[in-house]
Amino acid sequence: MDARLTNAWRMTVNEKKFIETALASDLRIDGRNPLEYRKITIKFGREDGSSEVQLGQTHVMGFVTSQLVQPYRDRPNEGSLSIFTEFSPMADPSFEPGRPGESAVELGRIIDRGLRESRAVDTESLCVLAGKLVWAIRIDLHILDNGGNLVDAANIAALVALLTFRRPECTLGGEDGQQVMVHPPEVKEPLPLIVHHLPIAVTFAFFNSEHTMVVDPTHNEEAVMGGRMTVTANTNGDICAIQKAGGEGVTQSDIMRCLRLASRNAESITKKINDAVETYNTERALRKIKRHSASVAVDVSISGGDVREPENKFFVHKGISELSRDQMERLNLVSEEKCTSQSSDINGGLSSSEQGRTSCQEGNATNFLGGPSSWDPYSKGVDSDSLKVSLASLGISAPDKHKRGEQKSTQAMEDKVPEDAKPATSATDTSRTGPQMSGEKTLKDAVKPKDKRRKRASSSMNAS
Amino acid sequence: MMEIDRADGRTPNQLRPLACSRNILHRAHGSASWSQGDTKVLAAVYGPKAGTKKNENPEKACIEVIWKPKTGQIGKLEKEYEMILKRTLQSICILTINPNTTTSVIVQVVHDDGALLTCAINAACAALVDAGIPIKHLAVAICCCLAEDGYVILDPTKLEEQQKMKGFAFLVFPNSIHSVLPEGSLLVEGEPVEHGIITSVTHGLMSVEEYLKCLERGHAASAKLSDFLRRSLKLQLPSDSSKAK
Chain A
0 MDARLTNAWR
10 MTVNEKKFIE
20 TALASDLRID
30 GRNPLEYRKI
40 TIKFGREDGS
50 SEVQLGQTHV
60 MGFVTSQLVQ
70 PYRDRPNEGS
80 LSIFTEFSPM
90 ADPSFEPGRP
100 GESAVELGRI
110 IDRGLRESRA
120 VDTESLCVLA
130 GKLVWAIRID
140 LHILDNGGNL
150 VDAANIAALV
160 ALLTFRRPEC
170 TLGGEDGQQV
180 MVHPPEVKEP
190 LPLIVHHLPI
200 AVTFAFFNSE
210 HTMVVDPTHN
220 EEAVMGGRMT
230 VTANTNGDIC
240 AIQKAGGEGV
250 TQSDIMRCLR
260 LASRNAESIT
270 KKINDAVETY
280 NTERALRKIK
290 RHSASVAVDV
300 SISGGDVREP
310 ENKFFVHKGI
320 SELSRDQMER
330 LNLVSEEKCT
340 SQSSDINGGL
350 SSSEQGRTSC
360 QEGNATNFLG
370 GPSSWDPYSK
380 GVDSDSLKVS
390 LASLGISAPD
400 KHKRGEQKST
410 QAMEDKVPED
420 AKPATSATDT
430 SRTGPQMSGE
440 KTLKDAVKPK
450 DKRRKRASSS
460 MNAS
Chain B
28 MMEIDRADGR
38 TPNQLRPLAC
48 SRNILHRAHG
58 SASWSQGDTK
68 VLAAVYGPKA
78 GTKKNENPEK
88 ACIEVIWKPK
98 TGQIGKLEKE
108 YEMILKRTLQ
118 SICILTINPN
128 TTTSVIVQVV
138 HDDGALLTCA
148 INAACAALVD
158 AGIPIKHLAV
168 AICCCLAEDG
178 YVILDPTKLE
188 EQQKMKGFAF
198 LVFPNSIHSV
208 LPEGSLLVEG
218 EPVEHGIITS
228 VTHGLMSVEE
238 YLKCLERGHA
248 ASAKLSDFLR
258 RSLKLQLPSD
268 SSKAK
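For the record, the sequence lines run as chains A and B. Heads up: the first sequence at position 221 corresponds to 220 in the working numbering, and the numbers run straight through without jumps. Count along the second sequence from 1, add 27, and you get the number used in the working numbering.
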């Protein structure tokens with residue numbers, strides 16, 4: 000017990016006095032105006048329905064998942080929405096693991112009221128079978144860094160995660176229409192949730208000195224403040240929720256002022272959220288088309304990973320496709336000449352001595368057999384091919400373990416190699432058994448329809 | 028031996044792209060994020076706090092690990108991960124320097140796409156370095172997966188862990204998770220320190236030769252990983268002079 004008290008952070012009297020005195024002259028310690036919001040950064044995770052929001056130094060992550068459950072008795076036609084807030088001990092030295100404390104519960108309740116009771120998320124559309132099966136949406140909010148004003152940041156994270164979440168589509172089937180089949184995302188495109196409006200929470204902090212009020216307090220200001228109020232408003236001019244739990248008294252005129260400020264801030268924040276979600280949706284659509292170039296990025300892994308190390312790899316509006324394109328460009332600059340010389344070698348027919356060429360051939364063979372095709376009609380077809388050729392050649396000079404892999408494939412492919420004496424003919428991709436001489440691929444391949452490739456890749460996967 | 032083709036086109040010995048960044052959080056004394064391909068883990072360290080837990084030895088420093096899954100309740104699996112991490116970190120930290128203190132390591136799973144425990148160990152190690160906790164040497168974790176024909180693949184994705192390639196549904200594939208290898212040039216009883224093993228956790232069935240093969244492959248890959256770790260820990264400049272406590 001004593002240990003916990005000694006570990007809690009306490010602000011010194013000097014710091015408190017400094018903050019209060021500065022506020023009396025409308026100065027905040029981080030240089031903002033009293034009514035100014037901190038910078039909001041919205042990022043997305045790998046899956047649908049995961050968000051990461053940074054409000055100044057406050058860092059919150061939100062995840063949305065869904066599950067089919069039985070509905071509540073008194074609401075058989077509606078799905079449910081539940082919010083779980085985790086005040087992770089990594090956010091603040093005073094946060095303890097285990098059962099959520101009262102501030103965690105309060106935060107969860109504020110967000111809950113804003114979303115559920117204001118009917119922001121349409122729960123009736125979550126019903127699958129009335130009275131039997133409905134979707135239960137679960138929002139997990141992880142507070143990673145407590146820089147003050149957790150409510151606002153967590154609210155934005157929850158909203159962004161809800162807007163980008165896609166629930167699987169399900170159809171009713173069976174003889175009596177009672178069987179529910181849930182379709183995986185590969186079969187049918189998952190559906191977004193229906194969100195009517197965005198309730199934005201804006202927090203105000205009141206101080207003991209006359210009528211001093213700030214918007215979006217940092218954790219230093221929170222340690223000094225006398226009272227706080229959170230107003231949840233949306234762009235339609237509605238006030239969804241107000242939370243003022245104790246603390247010092249505030250005059251009515253100040254409250255009205257806060258409500259007006261909250262509406263104004265809600266508009267700008269809503270715009271930011273909508274912009275971010277737009278970018279994510281376009282990125283997601285692009286990613287669906289470019290799905291196949293994902294394998295190319297991984298081929299580059301050993302050298303590429305080292306190059307990228309200092310960056311924070313939470314994919315900011317970049318799908319794997321964009322990264323692979325960057326890396327492809329980088330590697331292409333390095334190995335352009337190499338690949339052209341290689342293709343001319345392959346053209347000249349097989350010769351026993353060049354280890355480089357044969358391994359280049361089955362290097363490509365292994366890349367093609369059994370894996371998804373990494374050909375992408377929307378980027379330059381030549382790049383990925385030249386990349387594979389250059390990679391295969393790099394693979395020879397790379398350390399031992401890669402070579403072992405290559406040599407093993409040499410033995411396996413040797414019998415197949417004589418089949419393709421004339422590599423030029425393999426440019427027609429109809430032959431699915433022989434190794435593909437990718438050095439010969441031209442824009443002709445870019446014209447080939449996608450499904451043939453996918454079918455071939457999958458059928459070769461089944462065969463092997 | 029048949030060549031194994033992996034779904035994302037890697038060779039059996041190829042790792043996924045690695046990325047490591049330090050000093051991401053402001054309140055934590057040390058923090059790091061580590062990602063291998065799509066698996067990403069965030070680790071934070073709160074430096075020596077007063078007092079040890081009830082059953083711990085007060086003459087030594089104590090390490091406390093808290094594992095936070097992405098969604099869901101904390102269950103037995105998380106407790107197991109906490110225990111493995113704690114024992115691993117206890118062996119690399121110099122526990123005699125700050126007796127009767129607790130260092131908390133909090134691990135948050137951001138995305139799980141296979142090899143989660145190894146990602147977490149690497150992240151925790153980097154976070155400890157970022158916090159300045161005295162440690163003897165770094166720890167580098169690698170995950171080796173054993174396919175049904177005895178072929179060893181490194182750094183499996185979640186799909187590979189579950190299906191084991193091409194959907195041979197009737198096989199229960201043994202998956203060996205293997206946390207390895209400090210790096211350093213000290214010699215312990217004639218053998219260099221990096222030949223030792225800090226932690227080894229296995230799942231599934233495998234013969235002794237297969238296990239030794241995994242060890243050897245993992246050892247080769249860990250050299251590369253520890254290079255990467257070293258480089259990424261060095262790159263950050265000490266620009267964070269004051270950390271809010």
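Every residue gets a Cβ at the ideal spot worked out from N, C-alpha and C, and that includes glycine.
- The DSSP-derived three-state label of Tyr-71 of chain A is coil.
- In this structure, Phe-205 of chain A keeps its C-beta atom at 7 Å or more from the C-beta atom of Val-133 of chain A.
- DSSP, reduced to helix, strand and coil, places Leu-22 of chain A within a helical segment of the structure shown.
- Straight through space, the alpha carbons of Thr-234 of chain A and Ser-267 of chain A are spaced by roughly 9 Å.
- Where Tyr-178 of chain B is concerned, there is no enclosing beta strand (DSSP E), because DSSP gives it neither an H nor an E.
- Closest by C-alpha distance to Arg-27 of chain A, out of A:Lys-287, A:Glu-220, A:Ala-232 and A:Ala-275, is A:Glu-220.
- Annotation: Arg-9 of chain A has no Cβ neighbours in chain B at a cutoff of 9 Å; minimum Cβ distance is about 10 Å.
- A straight-line Cα-Cα distance of about 15 Å links Pro-183 of chain A and Lys-287 of chain A.
- Under the Cβ distance rule, Ser-87 of chain A counts among the residues neighbouring chain B, one pair being separated by less than 7 Å.
- Using a Cβ-Cβ cut-off of 7 Å, Ile-180 of chain B does not count as an interface residue toward chain A, since no Cβ of chain A sits closer than that to its own.
- Per the C-alpha coordinates, the member of A:Thr-40, A:His-218, A:Cys-239 and A:Asn-207 positioned closest to Ile-109 of chain A is A:Cys-239.
- Counting along the chain, the unbroken beta strand (DSSP E) around Ile-93 of chain B starts and ends at 89-95.
- The residue from A:Ala-244, A:Pro-96 and A:Ala-152 with its alpha-carbon nearest to that of Asp-215 of chain A is A:Ala-152.
- In the three-state reduction of the DSSP assignment, Asp-254 of chain B falls in the helix class, which pools H, G and I.
- Asp-157 of chain B: member of the alpha helix (DSSP H) spanning 143-158, first to last residue.
- Taking the Cα of Val-127 of chain A as reference, the smallest distance to any Cα among A:Ser-50, A:Lys-271, A:His-58 and A:Gly-78 is reached at A:Gly-78.
- Lys-16 of chain A and Met-10 of chain A have their C-alpha atoms spaced approximately 10 Å apart.
- Rounded to the nearest whole angstrom, the C-alpha separation of Leu-260 of chain A and Lys-187 of chain A is 44 Å.
- Just so you know, the alpha carbons of Ala-284 of chain A and Glu-277 of chain A end up roughly 11 Å apart.
- In the three-state DSSP reduction, Gly-57 of chain B falls in the strand class (E or B).
- Under the Cβ criterion of 7 Å, Gln-56 of chain A is counted among the residues facing chain B.
- At a C-beta separation below 8 Å, Arg-137 of chain A has these neighbours in chain B: Thr-98.
- For Pro-191 of chain A, same chain residues with a beta-carbon under 6 Å away, outside a window of 5 residues either side, are Arg-165 in chain order.
- If you ignore the 5 residues before and after Gly-245 of chain A, its C-beta comes within less than 8 Å of the C-beta of Gly-226, all in its own chain and listed in chain order.
- Beta-carbon to beta-carbon, Gly-61 of chain A and Thr-231 of chain A are separated by about 16 Å, too far to satisfy the 8 Å threshold.
- For the C-beta of Arg-45 of chain A, the chain B residues within less than 9 Å are, from N- to C-terminus, Asp-65, Lys-67, Val-137, His-138 and Asp-140.
- For the stretch 84-95 of chain B, the residues whose beta carbon sits under 7 Å from a beta carbon of chain A are, in order, Ile-93 and Lys-95.
- Looking at the DSSP output, Asp-121 of chain A shares a beta bridge with no other residue.
- Pro-88 of chain A is positioned such that its CB atom lies closer than 7 Å to that of Pro-96 of chain A.
- Within the same chain, Cβ atoms closer than 7 Å to the Cβ of Asn-148 of chain A are found at Leu-54, Thr-57, Thr-202, Asp-215 and Pro-216, the five residues on either side in sequence being excluded.
- The residues Val-214, Asp-215 and Asn-264, in chain order, have a CB closer than 7 Å to that of Tyr-36 of chain A in the same chain once the five nearest residues on each side in sequence are set aside.
- Near chain B, meaning a CB-to-CB distance below 8 Å, the residues of the stretch 134-161 of chain A are Arg-137, Asp-139, His-141, Leu-143, Asp-144, Asn-145 and Gly-146.
- With respect to the C-alpha of Asp-237 of chain A, the residue from A:Gly-176, A:Ser-262 and A:Asp-139 having the closest C-alpha is A:Ser-262.
- Contact between Glu-185 of chain A and His-141 of chain A is absent: CB atoms are separated by about 28 Å, not below the 8 Å threshold.
- A direct Cα-to-Cα measurement between Val-228 of chain B and Ile-111 of chain B gives close to 9 Å.
- Residue range 66-77 is occupied by the beta strand (DSSP E) that includes Ala-70 of chain B, with no alpha helix (DSSP H) assigned at that position.
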